[in-house]
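Those sequence lines, one after another, are chains A and B. Counting from 1 along the first sequence, just add 501 to a position and that's the residue number in my numbering. Counting from 1 along the second sequence, just add 1 to a position and that's the residue number in my numbering. For reference, the structure is listed below as structure tokens.
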Amino acid sequence: MAHFDENAKPFSHKWMNERLAVDTLKRVLSTEYWIPKNINFLWAMGMVLAATFGVLLISGIFLLMYYQPNTHLAFDSVNYTIMSEVGYGWLWRHVHAVGASVVFLIIYIHMFTGIYYGSYKRGRELIWLSGMLLFVLFSAEAFSGYMLPWGQMSYWAGMVITNLFSGGSLHANGLVEWIRGDYVPGQAFLNRFFMLHVLLVPLAIIGVIVLHFGTLRIPHVNNQEGEEFDFEESAEMYKAGDVKHSKVIPFSPVFLSKDIFVMGIYFIIFFYLVFYHFEFAMDPVNFDPANGLKTPTHIYPEWYFLWSYEILRPFSTNVGLIAFAFAQMIFFFLPFLDRSPNVAPAKRRGLFNLWFWALLIDMIVLTFMGKLPPEGIWSTVGFVAALTFIGLWILLPIITIKEKKL
Amino acid sequence: MANDTKRRDFMGMALGGFTALGGLGALYAMKRTWDPLPSVKAAGFTTLDMTIYKENELAVEKWRGKPIFVLKQSKEMLDTENKNMSLLTGKTTEAMDKKRLIKVGDAYYMVCVGLCTHLGCIPGYTPEDKSFLCACHGGMYDDTGMVTKSPPPRGLDIPPFKIDGTKLVLGEEGPEYKKMLADGITMPV
């Protein structure tokens with residue numbers, strides 16, 4: 502057995518160290534976890550996401566105390582009880598709604614930062630893949646949460662999205678009814694999505710966040726120039742006091758203080774939205790209670806799903822489903838479709854730079870088209886943008902294999 | 002030593018086997034827990050009195066939580082169908098032009114699940130045009146539930162029905178419904 506000092510005071514530093522190795526933990530997890538110095542504010546998005554997830558968790562806990570997962574009570578428990586009876590209930594709801602929307606904006610920024618700087622190349626594939634897994638889990642979390650107020654948009658989004666599982670011409674109605682637990686979304690459906698939203702999916706998210714952090718450890722965080730350098734050497738330099746010439750900084754307190762500055766600005770904007778512009782995250786159609794016999798005139802998802810929805814929409818059912826599945830899956834394959842060995846910002850990678858900006862602009866166009874009714878010129882623009890999205894991904898291996906080695 | 006390894010292998014395989022068996026059992030239980038409840042399945046019948054409907058006036062009933070469109074056909078509507086079908090096929094036979102309609106007494110009715118076969122939105126009916134339009138993705142159907150504009154992959158689905166005098170029982174499969182299924186006019190819902 503290890504040695505325990507009989508004179509150590511309970512809970513003193515020494516006492517804790519002997520039992521929990523707190524010094525080692527602190528060193529390994531923060532003071533000697535090295536981050537490159539050559540980074541910018543975009544490198545703070547990871548911690549901004551972690552903080553936003555924390556805010557969603559806390560606001561969710563308070564909403565959970567009054568929410569009723571029952572088709573007759575859910576709508577009123579949110580729109581009446583939480584909004585007007587519970588003290589500060591409106592605050593938790595608005596924080597939760599704004600947080601759910603903003604978290605996707607930050608996820609997209611985080612993703613496109615990774616794409617721009619090539620932070621998914623050899624050695625960093627698992628960072629990208631675990632990140633994509635988090636994106637899928639956050640999407641599931643957002644969708645299941647959207648069902649809970651049991652308004653018209655909840656009901657009809659639930660109807661349309663679960664119908665996707667019939668697989669078009671495969672007519673897997675049995676699968677759809679199995680997922681719903683009923684012929685149409687009803688009590689069984691609401692209850693199980695409630696379970697997914699408050700337990701299973703958040704649990705999985707927490708697990709994959711830990712994995713995502715773990716995948717960063719060995720390949721290290723990328724830097725602005727994609728430079729490969731000896732982390733050990735730089736770390737020794739830093740520890741020896743040559744902070745100026747070392748290319749790294751410790752996660753805590755140095756990197757974290759940069760992060761907290763960015764978070765400070767982020768939360769000013771976040772709470773401005775919560776207090777003054779929460780309505781962007783609250784669809785007016787969802788303030789009508791769910792009605793299975795009346796479709797809203799125009800069904801659309803929240804903004805963060807619009808681009809993939811627009812890839813589904815302009816095609817016939819089967820082709821649309823295939824295109825949609827393609828759009829959902831293709832980002833996973835990025836580390837293997839990019840054939841160039843260059844780890845560098847896109848601006849130094851020739852055609853890839855064009856590809857990056859074309860993809861970003863195309864996805865913004867798809868997002869706008871997804872919100873517009875599928876009529877006339879907008880139908881055509883959406884169709885072309887959807888084809889462009891697919892085309893760009895087919896082009897990626899070709900343009901990157903031709904890329905000159907830097 | 003070799004003997005030891007073998008005995009340990011057996012322990013490992015036995016443990017692994019039983020764990021896998023238990024795991025499969027648990028998965029089956031989980032699958033069954035997600036199945037629709039028997040009470041949900043049992044509440045699946047609706048009886049309609051077909052004499053109350055008016056010509057070219059869409060009625061919306063409810064069966065298994067889904068909207069059911071009932072549209073009694075006027076003489077004019079039946080004539081248009083005759084004309085359309087003869088344009089399409091060059092011949093007119095009763096079997097073809099009214100194949101999607103249900104005859105109860107002397108009248109013909111369109112009875113369909115009122116969910117767009119694309120992604121399940123509820124199309125709206127315009128009596129002047131005798132046409133359904135789905136606002137979600139722009140699909141259109143005629144007054145017998147046939148697709149006239151994509152993306153819907155097929156006409157509105159016809160629910161299982163049984164003709165009982167002047168009544169129609171939804172959820173039960175009568176001979177007329179079975180014939181429609183066999184002819185590929187509709188598919189199981």
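A virtual CB, placed ideally from N, CA and C, is assigned to each residue, including glycine.
Does any C-beta atom of chain A lie closer than 7 Å to the C-beta of leucine 49 of chain B? For leucine 49 of chain B, the closest Cβ of chain A is not nearer than 7 Å.
Where leucine 893 of chain A and phenylalanine 639 of chain A are concerned, what is the direct C-alpha to C-alpha distance, given to the nearest angstrom? 25 Å
Helix, strand or coil: how does DSSP classify methionine 783 of chain A here? coil
Assuming threonine 127 of chain B and leucine 134 of chain B form a contact by the criterion Cβ under 8 Å, report the distance between their Cβ atoms to the nearest whole angstrom. With 8 Å as the limit, threonine 127 of chain B and leucine 134 of chain B qualify as a contact, their Cβ atoms being about 7 Å apart.
Under the three-state DSSP convention, the category phenylalanine 730 of chain A falls into: Reduced to three states, the DSSP call for phenylalanine 730 of chain A is coil.
Candidates A/Tyr805, A/Pro537 and A/Glu733: which alpha carbon is nearest phenylalanine 756 of chain A's? A/Pro537
Quick check: the region 620–640 of chain A against the region 705–714 of chain A, are at least 3 beta-carbon pairs closer than 8 Å? yes
Using a beta-carbon distance cut-off of less than 7 Å, what residues from the region 49–64 of chain B approach chain A? Val61 and Lys63
Buried or exposed: where does threonine 798 of chain A fall if 16 or more other Cβ atoms within 10 Å of its Cβ makes it buried? exposed
At the level of alpha carbons, what is the spacing between leucine 558 of chain A and phenylalanine 694 of chain A? In this structure, the CA atom of leucine 558 of chain A is about 17 Å from the CA atom of phenylalanine 694 of chain A.
C-beta neighbour in chain A for glycine 121 of chain B, strict 7 Å: yes
Since lysine 163 of chain B contacts tyrosine 178 of chain B with CB under 8 Å, what's their CB separation in whole angstroms? That belief holds up - the Cβ atoms of lysine 163 of chain B and tyrosine 178 of chain B are roughly 7 Å apart, short of 8 Å.
Should the region 881–896 of chain A be called in touch with the region 846–865 of chain A, which here means at least 3 C-beta pairs below 8 Å? yes
Taking only beta-carbon positions, decide if glutamate 95 of chain B is within less than 7 Å of chain A. With a pLDDT of 45 at glutamate 95 of chain B, under the threshold of 50, the modelled position of this residue cannot be trusted, and the question is left open.
May I have the straight-line CA-CA distance separating aspartate 524 of chain A from phenylalanine 11 of chain B, to the nearest angstrom? Rounded to whole angstroms, aspartate 524 of chain A and phenylalanine 11 of chain B show a C-alpha spacing of 44 Å.
Excluding five sequence neighbours on each side, which residues of the same chain lie with their C-beta closer than 6 Å to the C-beta of leucine 822 of chain A? Same-chain partners within the cutoff: Gly669.
Under a CB-based cut-off of 7 Å, is isoleucine 800 of chain A close to chain B? yes
Is the Cβ of lysine 92 of chain B closer than 7 Å to any Cβ of chain A? Because the pLDDT at lysine 92 of chain B is just 49, under 50, the model does not fix this residue reliably, and the point stays unresolved.
For tyrosine 110 of chain B and valine 61 of chain B, believed in contact at Cβ under 8 Å, the rounded distance: Incorrect: roughly 14 Å between the Cβ atoms, too far for contact.
Span of the alpha helix (DSSP H), counted from its first residue to its last, around glutamate 62 of chain B: Not the alpha helix (DSSP H): glutamate 62 of chain B falls in the beta strand (DSSP E), residues 60–64.
Distance cutoff 7 Å, beta carbons only. Does glutamate 811 of chain A sit that close to anything in chain B? no
Contacts that leucine 38 of chain B makes with chain A (C-beta to C-beta distance below 9 Å): Gly682, Asp683 and Ala689
Could you check where the beta strand (DSSP E) with serine 132 of chain B kicks off and where it finishes? 132–134
Is serine 513 of chain A buried or exposed, if buried means 16 or more other CB atoms sit within 10 Å of its CB? exposed
Identify the residues that DSSP records as bridge partners of proline 511 of chain A: which are they? Answer by DSSP bridge pairing: none, since proline 511 of chain A is not bridged.
In chain order, what are the residue ranges of uninterrupted alpha helix (DSSP H) at least 4 long that sit wholly in the region 526–590 of chain A? 546–565
Quick check on asparagine 664 of chain A - is its C-beta less than 7 Å from some C-beta in chain B? By this cut-off, asparagine 664 of chain A is an interface position.
In three-state DSSP terms, what is proline 751 of chain A? Proline 751 of chain A: strand per DSSP, three-state reduction.
Beta-carbon within less than 6 Å of tyrosine 208 of chain B's beta-carbon, same chain only, minus the 5 sequence neighbours each way: which residues are those? In this structure chain B extends from 2 to 190, so residue 208 of chain B is not present and cannot be described.
Given glycine 172 of chain B, which residues of its chain have a CB within under 7 Å of its CB, disregarding the five upstream and five downstream residues? Gly45, Phe46, Thr47, Trp64 and Pro161
Where glutamate 173 of chain B falls: helix, strand or coil (DSSP): coil
Residues in its own chain within less than 6 Å of glycine 883 of chain A by CB, not counting five upstream and five downstream? Cβ-Cβ distances below 6 Å link glycine 883 of chain A to Glu811, Pro815 and Met870 in the same chain, with the five nearest sequence neighbours on each side left out; the list follows chain order.
From the DSSP output, which residues share a beta bridge with aspartate 165 of chain B? B/Lys168.
Within chain B, partners of arginine 814 of chain A - CB distance below 7 Å: His138
Closest by C-alpha distance to isoleucine 550 of chain A, when choosing among A/Phe833, A/Phe771, A/Lys905 and A/Thr572: A quick correction: the sequence has leucine, not isoleucine, at residue 550 of chain A. Among A/Phe833, A/Phe771, A/Lys905 and A/Thr572, the Cα nearest to that of leucine 550 of chain A belongs to A/Phe771.
By the DSSP assignment, the beta strand (DSSP E) with leucine 49 of chain B in it spans what residues? 47–50
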